[in-house]
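Novice: Residue numbers for the sequence shown follow numbering that gives the first Met the number 0, beginning at 0 and rising by one. Structure incoming, see below.
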Amino acid sequence: MQKRWVVKPKNDIYKINSLGEELGISATLSNILIHRNIETFDEARQFFRPTLDDLHDPFLMKDMDKAIYRIETAIGNKEKILIYGDYDVDGTTAVATVYSFFRNFHSGMDFYIPDRYEEGYGISKQGIDFAHANGFTLIIALDCGIKEIENIQYAKEKNIDFIIGDHHLPGSSIPDAYAVLDPKRSDCDYPYKELSGCGIGFKLVQAFILKNDLEMTDAYQYLDLVAVSIASDIVPITGENRILAHFGLKKLNSNPNCGLQTLVDLSTNKNSHFGINDILFQIGPRINAAGRIDHAKNSVQLLISKSLQESESIAKKIDQQNSTRKEVDLKITEEALALLDSNSLEQHKKSTVLFKEDWHKGVIGIVASRLTDKYYRPTIILTETNGHIAGSARSVLGYDIYEALTECSDLLDQFGGHKYAAGLTMKRENVELFQLKFEEIVSNSIPPELLQQELLIDQELNLAEIDAKFFRILNQLEPFGPSNEKPLFQAKNLSLYGPARIVGKNHLKLSVVQEGSKRFDCIAFGLADELENLSNHANFEICFSIEENIWKENHNLQLNIKAIRY
0 MQKRWVVKPK NDIYKINSLG EELGISATLS NILIHRNIET FDEARQFFRP
50 TLDDLHDPFL MKDMDKAIYR IETAIGNKEK ILIYGDYDVD GTTAVATVYS
100 FFRNFHSGMD FYIPDRYEEG YGISKQGIDF AHANGFTLII ALDCGIKEIE
150 NIQYAKEKNI DFIIGDHHLP GSSIPDAYAV LDPKRSDCDY PYKELSGCGI
200 GFKLVQAFIL KNDLEMTDAY QYLDLVAVSI ASDIVPITGE NRILAHFGLK
250 KLNSNPNCGL QTLVDLSTNK NSHFGINDIL FQIGPRINAA GRIDHAKNSV
300 QLLISKSLQE SESIAKKIDQ QNSTRKEVDL KITEEALALL DSNSLEQHKK
350 STVLFKEDWH KGVIGIVASR LTDKYYRPTI ILTETNGHIA GSARSVLGYD
400 IYEALTECSD LLDQFGGHKY AAGLTMKREN VELFQLKFEE IVSNSIPPEL
450 LQQELLIDQE LNLAEIDAKF FRILNQLEPF GPSNEKPLFQ AKNLSLYGPA
500 RIVGKNHLKL SVVQEGSKRF DCIAFGLADE LENLSNHANF EICFSIEENI
550 WKENHNLQLN IKAIRY
């Protein structure tokens, strides 16, 4: 699939030169910083040298004072407290963080993760009934709850108070809980709106520490869990999230939580520095696998383990579940692709909505992501579970799939999520009507350019500019992620230095030169089809990022080619 190259507008030359002189960096690097809203020396210092002192006061969050008062009251009265969270990485890390902290002060603690298949997403009546039957009078719900109007009322009728700690967008009204922590509340003045669910849990811990004159280092021991949630939930890595991710990665690489240590040991790059992508592809899928194949309470048990011996046995089980998950999702992906390939009408649509009653509910989100990557259009995968239809939705850059689902709400029983990912349920008889309506809504609202994958390029770059210092400063922009993506460059008038060759299944290895530059080795993943074109063109241009290739203790700069044009 051809990708759409979009070069960011160049910033004001005066601003570029002024910042470059202040920082002693090139105009290219200065331009990249300004694209990230870093325009002064102090802003650059905060960005390159984050400090935990720059974290916001947790009591700036609406209802935080009420939440801490209710927790202190529960501890003082020896009430039983249940920590409740969603079954994904963000939910389980949030539960692990808050449970691990408060069990140091209170013996009447337990946690609860809803069953993906029996209860579904969010706060369930089964969970509330469990709390009531076992004498819990306070539930702290994390990464869920902001739309649970009816279930919070159901809990109140059973004399159970709720503290909701969520980061999703509220509906038209806020649940009548004892306290509702959500920076996205319209009446919440908290300065940063993009915390993960685990990030909300961390702020709750911070607030308790401040209120009770404890050491803030007691909260910092959970930063590795927060970093895992930030990476896995794909929240923006800006502002407070950047600080939390920066120090969370430091902890993950130096003194991680016992459960995370065992997952690092099981990964394919256990001897390397772990970054955001390593969490995304190595740790996150394993934590998620427990809830997809069995029950996510196993992930929480792993993350609250107090010893490596305790965590290793759980981690091995979860790793096996992850292997099963891979087999299942690849099988379903193949079936979904076959359905699309066999139907010419489907191939010309602006959206994909596929249903098969026996697809495994635990992996349909992964399948939706794979199909979105391949066909690059809003995608929903549906399956049947416990007599109703459950679905997982994924979108393309720039298109709000949550808004599209809102317009289909008359056909849905429930839905929730973000701009780019959502979950939904409906009745069986509504599936075909939903497929038609969703396609109509997407067709009428999505600009054609959004159906072609965008490469957002920071600027054109002469290869002669790339040296060790340039790469070292570029690397200090890490951790990379949403709203702070790894810089992409465009280089023109390149030629091959020696022949290109195919490596692996579908990748290219080549070397390039540009007038005035040295030779650069390149890797082009998934671009083996370009081999003949490269051989037939004397000059070409590339879109690329810069990385370090390490092979047998040799360190070399390498260009990672994302696309080639002639």
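C-beta: ideal position from N, C-alpha, C; glycine also.
Pick from 530, 450, 511, 515: whose alpha carbon is nearest that of residue 501?
Specialist: Residue 501 has its Cα closest to that of 530, out of 530, 450, 511, 515.
Novice: With a Cβ-Cβ cutoff of 8 angstroms, do residue 275 and residue 121 count as a contact?
Specialist: No, they are not a contact pair.
Novice: Report the start-end ranges of each alpha helix (DSSP H) in the stretch 220 to 248 that is 4 residues or longer and not cut off at the edges.
Specialist: Counting only runs of 4 or more, we get 222 to 231.
Novice: Would the beta-carbon of residue 567 fall within 8 angstroms of that of residue 311?
Specialist: There is simply no residue 567 to check, as the chain begins at 0 and stops at 565 in what is shown.
Novice: From the DSSP output, which residues share a beta bridge with residue 543?
Specialist: Answer is 488, 560.
Novice: With three or more C-beta pairs closer than 8 angstroms as the rule, is the stretch 288 to 295 touching the stretch 320 to 333?
Specialist: Result yes; three or more Cβ-Cβ pairs closer than 8 angstroms.
Novice: Expressed to the nearest angstrom, what Euclidean distance is found between the alpha-carbon atoms of residue 93 and residue 161?
Specialist: So the two alpha carbons sit approximately 16 angstroms from each other.
Novice: Could you check if residue 359 is buried or exposed, using at least 16 other CB atoms within 10 Å of its CB as the buried criterion?
Specialist: Buried: at least 16 other Cβ atoms inside 10 Å.
Novice: Give the single residue among 37, 307, 22, 389 whose Cα lies nearest to the Cα of residue 118.
Specialist: Looking at the Cα atoms, 389 is the closest of the given residues.
Novice: Thinking C-beta only, is residue 86 closer than 8 angstroms to residue 67?
Specialist: The answer is no: Cβ separation not under 8 angstroms.
Novice: Enumerate in chain order the residues of its own chain whose CB-to-CB distance from residue 371 is below 6 angstroms, with the five nearest sequence positions on each side excluded.
Specialist: Answer for residue 371: 378, 393, listed in chain order.
Novice: Say whether chain B places a C-beta atom closer than 8 angstroms to the C-beta of residue 268.
Specialist: Here there is only one protein chain, and chain B is not present.
Novice: Hey, which unbroken runs of the alpha helix (DSSP H) at 4 residues or more fall wholly within the stretch 294 to 326?
Specialist: Correct list: 296 to 302.
Novice: Whole alpha helix (DSSP H) runs in the stretch 39 to 82 with 4 or more residues, listed along the chain?
Specialist: Complete alpha helix (DSSP H) runs here, min 4: 40 to 47, 63 to 75.
Novice: Should the stretch 40 to 58 be called in touch with the stretch 154 to 168, which here means at least 3 C-beta pairs below 8 angstroms?
Specialist: No, they do not touch.
Novice: Kindly indicate which three-state DSSP category residue 522 falls into: helix, strand or coil?
Specialist: In the structure shown, residue 522 sits in a strand (DSSP, three-state: E or B).
Novice: Who are residue 352's beta bridge partners in DSSP?
Specialist: Residue 352 pairs with 379.
Novice: Quick one: any contact between the stretch 502 to 509 and the stretch 483 to 492, if contact means 3 or more CB pairs under 8 angstroms?
Specialist: With a cut-off of 8 angstroms, the stretch 483 to 492 and the stretch 502 to 509 do not count as touching, because too few Cβ pairs lie within range.
Novice: Report buried or exposed for residue 499, applying the criterion of at least 16 other Cβ atoms within 10 angstroms of its Cβ.
Specialist: Buried is the call here.
Novice: Kindly indicate which residue of 404, 373, 375, 207 has the alpha-carbon position closest to the one of residue 103.
Specialist: Nearest of 404, 373, 375, 207 to residue 103, Cα basis: 207.
Novice: What first and last residue would you give for the alpha helix (DSSP H) that runs through residue 20?
Specialist: Start and end: 12 to 22.
Novice: According to DSSP, is residue 84 helix, strand or coil?
Specialist: The answer is strand: DSSP assigns residue 84 an E or B state.
Novice: Within the chosen definition, does the stretch 531 to 543 reach the stretch 461 to 477 through at least 3 CB pairs nearer than 8 angstroms?
Specialist: Touching, no, given that fewer than three Cβ pairs across the two stretches are closer than 8 angstroms.
Novice: Using the three-state DSSP reduction, which class does residue 421 fall into: helix, strand or coil?
Specialist: In the structure shown, residue 421 sits in a strand (DSSP, three-state: E or B).
Novice: For residue 183, name the three-state secondary structure that DSSP assigns.
Specialist: In the structure shown, residue 183 sits in coil (DSSP, three-state: anything other than H, G, I, E or B).
Novice: Could you check the C-alpha separation between residue 215 and residue 335 for me, to the nearest Å?
Specialist: In a straight line, the C-alpha of residue 215 is about 49 angstroms away from that of residue 335.
Novice: Can you look up residue 499 in the DSSP assignment and give me helix, strand or coil?
Specialist: Reduced to three states, the DSSP call for residue 499 is coil.
Novice: DSSP on residue 453, reduced to helix/strand/coil?
Specialist: Strand at residue 453.
Novice: Distance, Cα to Cα, residue 279 vs residue 526?
Specialist: Spanning the two alpha carbons is a distance of roughly 23 angstroms.
Novice: Check whether the Cβ atoms of residue 99 and residue 13 sit closer than 8 angstroms, and answer yes or no.
Specialist: For residue 99 and residue 13, no; Cβs fall outside 8 angstroms.
Novice: Check the C-beta distance from residue 455 over to residue 5 and give it rounded, since I have them as a contact under 8 angstroms.
Specialist: About 5 angstroms; that satisfies the 8 angstroms criterion.
Novice: Are there 16 or more other CB atoms within 10 angstroms of the CB of residue 182, so buried, or fewer, so exposed?
Specialist: Looking at its Cβ environment, which holds 16 or more other Cβ atoms inside 10 Å, residue 182 is buried.
Novice: Return the first residue and the last residue of the beta strand (DSSP E) that residue 137 is part of.
Specialist: Element bounds for residue 137: 135 to 141.
Novice: Measuring alpha carbon to alpha carbon, tell me which residue in 28, 36, 51 is nearest residue 247.
Specialist: The residue with the shortest Cα to Cα distance from residue 247 is 51.
Novice: Which of helix, strand or coil does DSSP assign to residue 548?
Specialist: In this structure, residue 548 counts as strand in the three-state DSSP scheme.
Novice: Which class does residue 330 belong to by DSSP, given the choice of helix, strand or coil?
Specialist: Reduced to three states, the DSSP call for residue 330 is helix.
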